[in-house]
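Student: Input: one structure, supplied below.
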Amino acid sequence: MSVEKKPRLAVIAGPTAVGKGTVVRALLEKYPHVYLSVSATTRAPREGEIDGQDYHFLSHEDFEGAIARDEFLEWATVHKVNKYGTLKAPIEAQLAQGVPAILEIDLAGVRQVRQQMPDALFIFIAPPSWEELVKRLQGRGTESAEEMTRRLETAKLELAAKDEFDHIVVNDEVDRTVSELAELLELA
Ligand code: 5GP
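Right under this line is the structure:
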């Protein structure tokens with residue numbers, strides 16, 4: 000008889016444009032029972048992004064209100080401009096129902112979750128090389144030159160912290176990366 004295991008929270012981080020979003024979307028397509036946390040952010044929606052699906056897009060005022068009401072598991076100011084945060088209630092509800100959950104957050108957020116949920120699985124998605132990361136960011140073409148510079152500065156700090164994670168997964172090719180993640184999350 001198999002022993003029922005407690006579902007785990009997987010926390011995924013990695014530098015800008017490493018392909019975290021693409022990899023996580025592909026993972027969810029393959030394993031639709033996994034719950035992906037929808038973060039709140041003060042950033043404006045990019046073209047095609049849907050409120051409540053990609054993010055909960057909040058005003059600065061509403062975000063501050065949620066902080067004051069202690070509704071966040073973690074929150075951080077990312078790339079020095081906008082606030083991003085994970086709401087506690089939906090994550091706790093999913094885990095309580097036995098559903099494995101994924102958070103895709105920045106390094107400051109990772110450190111907060113580690114304090115509160117040390118049993119979570121912490122995974123860093125790394126680029127094959129620095130040059131490849133710059134190429135992916137330029138290729139995306141969604142950020143201004145100033146924003147790209149700021150994101151690359153943050154990326155250097157994030158890459159320097161990769162050893163804080165339980166696992167480092169190099170995103171060299173989406174399907175391969177998804178398989179590796181599925182094994183780590185014990186979905187495969
Ligand atoms: P983007 O603006 O490109 O959608 O996201 C920028 C960064 O914000 C991502 O690298 C992601 O790691 C981080 N981020 C997204 N949601 C959250 C969150 O809920 N909490 C924290 N701490 N960071 C987040």
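The sequence shown maps to residues 0 to 187 in numbering that gives the first Met the number 0. C-beta atoms are modelled at their ideal positions from N, C-alpha and C, and glycine is treated no differently.
1. Find the nearest neighbour of glutamate 179 within the set Ile104, Ala65, Glu46, Ala125, judged by alpha-carbon distance.
2. Roughly how many angstroms separate the alpha carbons of arginine 175 and alanine 12, rounded to a whole number?
3. Strictly by DSSP, which residues pair up with alanine 39?
4. Sort His59, Arg45, Gly108 by Cα distance to alanine 9 and report the nearest one.
5. Over what stretch of residues does the beta strand (DSSP E) that includes threonine 76 continue unbroken?
6. Could you have a look at phenylalanine 121 and say whether DSSP puts it in helix, strand or coil?
7. Would you kindly work out how many angstroms separate the C-alpha atoms of alanine 92 and proline 99, rounded to a whole number?
Tutor: Taking the structure as given:
1. Ala125
2. 18 Å
3. His55, Gly84
4. Gly108
5. 71-77
6. strand
7. Approximately 11 Å, taken between the alpha carbons.
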